[in-house]
Structures are given as structure tokens and as C-alpha cells.
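S.K.:
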Ligand SMILES: [Zn+2]
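In the numbering used here, the protein residues as written are 2 to 412.
See the structure below:
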């Protein structure tokens with residue numbers, strides 16, 4: 002049996018979603034939290050996009066300095082040679098990529114409108130892959146967009162071409178979220194068996210099954226002797242009805258009846274960070290966590306009806322599959338109800354020093370304090386919401402990176 006890894010795509014699929022967005026500072030904080038949690042890889046954004054450049058390069062710098070320790074920082078672009086060249090022009094130090102092209106007839110006909118045939122799609126992918134390897138990519142995931150509406154034989158050919166030309170993994174995209182668990186399980190088994198190439202599962206939630214189909218796909222892959230990589234997002238944010246929720250899939254891999262006691266999660270994941278991560282994502286995206294959200298919703302461990310409350314009080318296992326502590330809940334949270342000093346966009350040195358003293362951070366001299374204060378002012382301007390303690394600490398400890406992250410120039 003092989004392993005299962007998690008690749009979080011919040012900073013790509015999550016942020017490209019209609020009407021929801023993240024500041025570059027918040028994207029960076031998510032990368033730090035994902036690293037801290039022990040997630041394998043973060044799809045950090047679009048290296049071909051000018052306004053992502055400085056954020057991506059600053060995050061690559063943070064990895065070089067060891068602030069981001071183990072997380073693979075990966076950029077997404079189209080599987081066309083021009084995009085790969087632009088990627089390395091904008092972000093010369095990027096080492097991990099996922100390159101994407103549509104593979105289904107319906108998309109090839111509907112999107113390319115006669116400009117590209119199946120053969121052209123294959124050629125473009127292979128050419129892009131070769132350019133990526135030449136320009137220094139260490140790993141390249143090769144994405145088949147709309148794989149779930151593509152014939153299995155074609156996917157096998159596509160994955161084999163990726164394997165033979167230096168690709169690292171094949172990403173099976175259920176772009177429209179149309180797969181069910183049995184269909185994806187059988188399809189992935191066929192692809193894994195034929196290619197013996199590591200498989201990524203990228204599943205959407207249009208039928209409410211993103212977590213289930215990701216799990217079933219991963220099961221198919223590992224049964225056939227290849228590693229599986231599940232794509233996730235924080236709180237399930239993503240195009241339309243969203244993607245496979247990170248906390249849900251971690252819980253499913255640990256506690257679902259088919260997986261409990263034989264967990265294949267390769268990453269050394271600290272599930273206890275879930276509560277904090279989910280709450281930060283909710284705060285940063287400005288989207289409340291639904292009351293019934295898996296693991297982190299207000300009702301995830303609440304019992305009221307007579308039979309349930311009685312049963313849970315006698316033995317929590319009567320009505321709870323796992324404990325609140327498993328996802329980092331259970332600690333009381335302090336709420337300041339009296340006088341409070343904050344710092345931000347219009348803050349001055351006195352209040353700023355007071356806030357940082359409370360965080361245990363002291364500055365050598367006024368010059369250093371003034372520089373960080375200025376960054377705090379700009380960070381607050383940038384995020385347009387009160388800065389969190391973790392953000393304040395990050396700003397003080399990484400002033401150069403923060404300066405770069407916030408530098409966005411349309412010219
Ligand atoms: Zn997607």
C-alpha cells in the first residue's frame with residue numbers, strides 16, 4: 002500500500018473563485034499555517050500574473066530562509082510553453098509547478114473551437130513539460146482539466162506522455178464535480194494500474210461529494226501501488242460549490258470506517274491546528290464558518306435533543322466519532338471586554354509599542370520600531386481588517402518579506 006499526501010490549493014482555486022478574495026499577506030499566512038500543520042504542498046498562486054510575482058518571490062525567499070520549512074511552494078499555469086517561460090521570467094527560483102490543459106472533447110471543441118485537436122493538446126503539454134524541466138523545475142504535476150469527462154484511454158496516454166517526459170504526477174481533475182465515488186474509484190484504478198504513475202485528485206463539490214470522491218480516488222490509486230495526492234482547500238472554498246475541504250478529508254482519512262487504524266496519510270499532519278486554520282481562513286476571506294461545518298462548525302460537538310444529550314453525557318462515543326480536542330478545540334477563548342489598545346493603519350509609536358510589548362516583541366531602537374510601525378500601517382491598509390497577533394509577529398520578524406509581499410505595481 003502506498004501513501005496519501007495533501008496538496009492545498011486554497012491560494013489558487015480558492016482565490017480565483019467568484020466574489021471571494023485574499024490579500025497577499027493573508028495568502029502568505031495560509032502558507033505559514035499549512036507548513037506548520039505539516040501539509041505536503043501549497044499551490045501558492047499564478048506565477049504568470051504580474052500582481053502575484055512579488056508575493057510568490059517573497060514566499061520563495063521565506064522558504065530559503067527556513068521561515069517556511071517543509072511545505073513545497075508550487076505555482077499553477079497553463080500547459081503551454083509561453084506560460085512556462087513567463088513563469089520562470091517572473092519567478093526564477095520557483096521549483097514546483099502544476100501545468101494544466103483541457104483534455105475532454107467537450108472542452109477541446111468548446112474552448113479551443115477548432116484551434117486545437119487532441120494531438121495539439123498532447124504536444125502542448127509535452128512541450129510545456131520539457132521547457133519547465135529545462136528551466137529548472139524540480140517537480141511538475143501535469144493536470145488534465147475536465148479529466149472526469151475524458152475517455153480513460155486518452156487519460157492513460159496523457160499520463161504516460163507526462164511520465165515519459167519527466168513529469169512528477171498526473172492530476173485528475175473532476176472539474177465540474179460530476180464524479181461519484183464508485184465511478185472515480187474504478188477509473189483511477191484503471192489509470193494507476195496502466196501507468197504506475199503517482200496520481201493527484203482534484204475534485205469539486207457540485208454534487209456535494211468532493212470529499213467522498215477524493216477519498217475513493219485516493220483509495221483506488223494506493224490499491225494499485227501508486228501514491229495519491231489529494232487537492233484540498235480551507236473550509237472547502239473554491240469555484241462554484243467549492244473543493245474538497247481540508248479538515249473534512251483529514252478527518253475522513255483518520256476516522257472513516259474504511260481508513261481508521263490503517264491511515265495512509267504520509268504527511269506528518271497536526272490535526273490539532275485545524276480549528277485555528279479554519280478560523281483564520283474564515284476571517285481572512287470574510288466568510289462565516291457554517292454552523293454544521295465538519296469539525297470546526299459551532300454545532301460539530303453540540304447535543305441538545307433528549308436522547309442525544311443523555312447519550313453523549315453517559316459516553317461521548319455514543320454520539321461523537323472524534324473529540325473536539327482532535328481538531329484543536331476545547332480551550333476557552335479570552336475575549337477582552339475592557340480597555341484595549343490596537344495598532345494599524347493610523348496608529349502611532351506609543352500604541353504600537355504597547356501592542357508589541359504584550360506580544361513579547363521588543364525593538365532595539367526607534368529606527369527599527371518606526372520601520373515596523375510603517376509596515377503595520379501598510380499591512381492594515383493592505384488587508385483592510387484588524388491585524389491578527391500572528392500577522393503582527395510575522396510582520397516584525399520578516400520586514401523585508403512583508404515589504405515585498407505588499408509591493409504591487411501596475412506599471
Ligand atoms: Zn479546481
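Here a beta-carbon is modelled for each residue, glycine too, at the ideal position from N, C-alpha and C.
Give the secondary structure of residue 258 by DSSP, where H, G and I count as helix, E and B as strand, and everything else as coil.
M.R.: As a working note, residue 258 is residue 257 in the chain shown. If DSSP states are grouped into helix, strand and coil, residue 258 belongs with coil.
S.K.: Compare the beta carbon distance of residue 393 and residue 360 with 8 Å and say whether it is the shorter of the two.
M.R.: As a working note, residue 393 is residue 392 in the chain shown. As a working note, residue 360 is residue 359 in the chain shown. Going by C-beta atoms, residue 393 is nearer than 8 Å to residue 360.
S.K.: Residue 311 lies in the alpha helix (DSSP H); which residues open and close that run?
M.R.: Here residue 311 refers to the residue found at position 310 when the chain shown is read from its first residue. First-last of the alpha helix (DSSP H) with residue 311: 307-315.
S.K.: Assuming residue 110 is part of the alpha helix (DSSP H), what are its boundary residues?
M.R.: As a position in the chain shown, residue 110 is number 109, starting the count at 1. Taken as a continuous stretch (DSSP letters only), the alpha helix (DSSP H) holding residue 110 covers 106-113.
S.K.: Return yes when the C-beta of residue 176 is under 7 Å from any heavy atom of ligand 1, and no when it is not.
M.R.: Translated into the one-based positions of the chain shown, residue 176 becomes position 175. For ligand 1, at least one heavy atom lies less than 7 Å from the Cβ of residue 176.
S.K.: Regarding residue 244 and ligand 1, is the C-beta to nearest heavy atom distance less than 7 Å?
M.R.: Residue numbering aside, residue 244 sits at position 243 when the chain shown is read from its first letter. Yes, Cβ of residue 244 sits closer than 7 Å to a heavy atom of ligand 1.
S.K.: Keeping to the same chain, check which residues put their C-beta closer than 6 Å to that of residue 225; ignore five residues upstream and five downstream.
M.R.: Numbered from its first residue, the chain shown carries residue 225 at position 224. Answer for residue 225: 190, 193, 194, listed in chain order.
S.K.: Starting from residue 43 and walking both ways along the beta strand (DSSP E), at which residues does that stretch end?
M.R.: What you label residue 43 is simply residue 42 of the chain shown in a count that begins at 1. Start and end: 42-46.
S.K.: Buried or exposed for residue 287, going by 16 or more other Cβ atoms inside 10 Å?
M.R.: Residue mapping note: residue 287 aligns to position 286 of the chain shown, counting from 1. Residue 287 should be labelled exposed.
S.K.: In terms of residue numbering, what span does the beta strand (DSSP E) encompassing residue 103 cover?
M.R.: Taking the first residue of the chain shown as 1, we reach residue 103 at position 102. That run of the beta strand (DSSP E) goes 97-103.
S.K.: Relative to the alpha-carbon of residue 236, which residue among 280, 336, 203 has its alpha-carbon at the smallest distance?
M.R.: To locate residue 236, count along the chain shown from 1; it is residue 235. Measuring from the Cα of residue 236, the nearest candidate turns out to be 280.
S.K.: Looking only at C-alpha atoms, which of 32, 263, 166, 377 sits nearest to residue 67?
M.R.: For the purposes of this step, residue 67 is taken as the residue at position 66 of the chain shown. Of the listed residues, the one whose Cα sits closest to residue 67 is 32.
S.K.: Where do the N-terminal and C-terminal ends of the beta strand (DSSP E) with residue 73 fall, by residue?
M.R.: Along the chain shown, one-based indexing puts residue 73 at 72. Here the beta strand (DSSP E) through residue 73 covers 73-79.
S.K.: Can you say whether residue 251 is buried or exposed, counting buried as having 16 or more other CB atoms within 10 angstroms of its CB?
M.R.: Within the chain shown, the letter at position 250 stands for residue 251. Buried: at least 16 other Cβ atoms inside 10 Å.
S.K.: Return the CA-CA distance between residue 274 and residue 168, expressed in angstroms with no decimal places.
M.R.: Taking the first residue of the chain shown as 1, we reach residue 274 at position 273. Taking the first residue of the chain shown as 1, we reach residue 168 at position 167. So the two alpha carbons sit approximately 32 Å from each other.
S.K.: Buried or exposed: residue 1, going by 16 or more other Cβ atoms within 10 Å of its Cβ?
M.R.: There is no way to answer for residue 1, as the model of the chain reaches only from 2 to 412.
S.K.: Nearest CA to the CA of residue 362: which residue from 331, 395, 298?
M.R.: Taking the chain shown and counting its residues from 1, one reaches residue 362 at position 361. Looking at the Cα atoms, 395 is the closest of the given residues.
S.K.: How many angstroms separate the CA atom of residue 4 from the CA atom of residue 44?
M.R.: If you number the chain shown from 1, residue 4 lands on position 3. If you number the chain shown from 1, residue 44 lands on position 43. Taking the straight line from one Cα to the other gives about 20 Å.
S.K.: Can you tell me whether residue 75 is buried or exposed, with buried defined as 16 or more other CB within 10 angstroms of its CB?
M.R.: Against the chain shown, residue 75 aligns to sequence position 74. Buried is the call here.
S.K.: Is residue 239 near ligand 1, with its Cβ less than 7 Å from a heavy atom?
M.R.: By one-based count along the chain shown, residue 239 stands at place 238. Yes, ligand 1 has a heavy atom inside 7 Å of this Cβ.
S.K.: Is DSSP giving residue 147 helix, strand or coil here?
M.R.: Mapped onto the chain shown, residue 147 falls at position 146. Coil, per DSSP.
S.K.: Apart from the five residues just before and just after residue 105, which ones in its own chain have a Cβ nearer than 6 Å to its Cβ?
M.R.: The count along the chain shown starts at 1 and reaches residue 105 at position 104. For residue 105, where only same-chain residues beyond five positions count, the Cβ hits under 6 Å are 147, 150, 151.
S.K.: Specify the secondary structure class of residue 228 as computed by DSSP and reduced to three states.
M.R.: Start at 1 with the first residue of the chain shown, and residue 228 comes out as number 227. It is coil, neither helix nor strand.
S.K.: Excluding the 5 residues preceding and the 5 following residue 409 in the sequence, name in chain order all residues of the same chain whose CB lies nearer than 6 Å to its CB.
M.R.: Working through the chain shown from its first residue, we reach residue 409 at position 408. Cβ neighbours of residue 409 beyond the five flanking positions: 52.
S.K.: Check whether the stretch 349-359 touches the stretch 308-323, counting contact only when three or more Cβ pairs, one atom from each stretch, lie closer than 8 Å.
M.R.: The answer is no - the stretch 308-323 does not touch the stretch 349-359, with fewer than three Cβ pairs under 8 Å.
S.K.: For residue 172 versus residue 221, is the C-beta distance shorter than 8 Å?
M.R.: Within the chain shown, the letter at position 171 stands for residue 172. Within the chain shown, the letter at position 220 stands for residue 221. No, these two residues do not count as a Cβ contact at 8 Å.
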